[in-house]
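Report on the structure given below.
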Amino acid sequence: MADNGLLTGMLRLAPSPRPWHFPLLAGLGSGVPLLLGAALGQVEQGLLGALGGMVLLYMPLASMADRMVTLAVCAFGFALCFTLAALTGGHLWGSAAMLALITMLVNLICRYYAVLPPGRFFFVMIAAMASTVPFELSEIPAQTGLLMMGAMSACLLAFGYSLLVPVKHSELTRPAQPDRALSALWLESALIGAVVGGSLLLALALGLHNPYWVPISCAAIMQGNSVSVLLQRKLHRILGTAVGLMLAWLLFSLEPGPWWLALLVIVLTFIIETLVVRNYGLAVIFITPLTVLFASMMQGGALSPDELVLTRMLDIALGSLCGFVGGSLLQWLPSPRRA
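My numbering numbers the first residue of the sequence shown as 2 and each following residue consecutively.
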């Protein structure tokens, strides 16, 4: 019965608190830099801007001033995580240790200030990608600048959106109560950092071609708050990935050009942001081709789409297992929130 409940949960849609135009805005945040990159013949550079554009996902339901401050701080966090991780890229122990440190500090800050979902996830994702793609030291400032340009373009979109769709006073969200039990937060953050960093170390030691998807999957699974939620996320992520791989295979078999790739990112992001608050498993179906698309561009075409699709399931399964083990260990720690 429990297994049936987990499986049927993949088809259940919860009510969405988001208006339809917010997912569209999120899609444009990542898609506009890619469209610009396609126009200039620099798709790889457009990808970095697209990663920065994901800062739009942190836009709160708040006043315009609060929105702009939040997005600016998150954009700075994106750039800092990317830069620190890129400095150790290509080094087995150094990249794993840096990712563990970044994850620990990001989780501590997000939990202390009660940052709403997606919380630490995209900071960790950007750091994981930067830590496994070796950059020349002289290239890092330019790469960070491209990321920040994408984030700033997202801030401009958010500013225009706030002018066109102002938040009513009755819709303003009350700030969440921060977690102030620092001793428990340090323990939680240290454990999460160790597990995420350890998952990257394991992926690098195994010689996986796209090792960053292992810590990304690990961080996604550890977003759960209980063992049952962790198990559900693990099952949903693996099953959703299996279906998503078939979709990715179909999309790549069409051999889309740069313009179509940018449009695919917009459409996939729109669908993901529409579904992720309603059904995690269904959202993963569309997250998979999006991440495979990003992986292909990050590797500069080093792997064929067929090879990317075939290796993706192993990355997800390994990362999900690490995340489930780490999340289970979290249940033994004292709760950071005071009663």
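Note that the Cβ used here is the ideal one computed from N, Cα and C, for glycine as well.
Remember, it's a predicted structure, so these values are computed and weren't measured experimentally.
Taking only three categories from DSSP, how would you classify residue i?
| i | result |
| --- | --- |
| Glu256 | coil |
| Leu264 | helix |
| His210 | coil |
| Leu57 | helix |
| Leu164 | helix |
| Gly42 | coil |
| Pro20 | coil |
| Met223 | coil |
| Leu334 | coil |
| Leu14 | coil |
| Ala182 | coil |
| Ser321 | helix |
| Ser64 | coil |
| Arg423 | With the chain covering 2 to 340 only, the question about residue 423 has no answer from this structure. |
| Met2 | Reliability of the predicted coordinates at Met2 is poor, the pLDDT of 47 falling under 50, and the value obtained from them is presented with this limitation in mind. If DSSP states are grouped into helix, strand and coil, Met2 belongs with coil. |
| Arg339 | Confidence in Arg339 is poor, its pLDDT being 38 and thus under 50, which makes the residue's placement unreliable; the coordinate value appears in the next sentence. Coil at Arg339, not helix or strand. |
Would residue i pass as a contact of residue j if the rule is Cβ separation under 8 Å?
| i | j | result |
| --- | --- | --- |
| Ile127 | Phe77 | no |
| Cys156 | Met247 | no |
| Leu207 | Leu57 | no |
| Phe287 | Leu25 | no |
| Gly47 | Met150 | no |
| Val197 | Val134 | no |
| Gly38 | Gly50 | yes |
| Leu72 | Met60 | yes |
| Thr312 | Gly241 | no |
| Ala131 | Ile217 | no |
| Ile193 | Asn108 | yes |
| Gly324 | Ala221 | yes |
| Phe123 | Ala87 | no |
| Ala249 | Gly32 | no |
| Asn116 | His22 | Per the sequence shown, the amino acid found at residue 116 is Val instead of Asn. Contact flag unset, no. |
| Val285 | Gly28 | no |
| Ala66 | Val168 | no |
| Ser154 | Pro259 | no |
| Leu265 | Leu252 | yes |
Next on the checklist: Could you tell me which whole alpha helix (DSSP H) segments of length 4 or greater appear in the segment 79-146?
Outcome noted: 93-113, 122-133
Checklist entry - Does the segment 138-157 come close enough to the segment 82-89 to have 3 or more Cβ pairs within less than 8 Å? => result yes
Next on the checklist: Under 8 Å: do the segment 316-330 and the segment 268-276 share three or more Cβ pairs, one atom per stretch?
Outcome noted: no
Checklist entry - Below 8 Å, can you find three or more Cβ-Cβ pairs linking the segment 179-197 to the segment 282-294? => result no
Next on the checklist: For the segment 197-207 against the segment 89-104, do three or more pairs of beta-carbon atoms, one drawn from each stretch, fall closer than 8 Å, so that the two count as touching?
Outcome noted: yes
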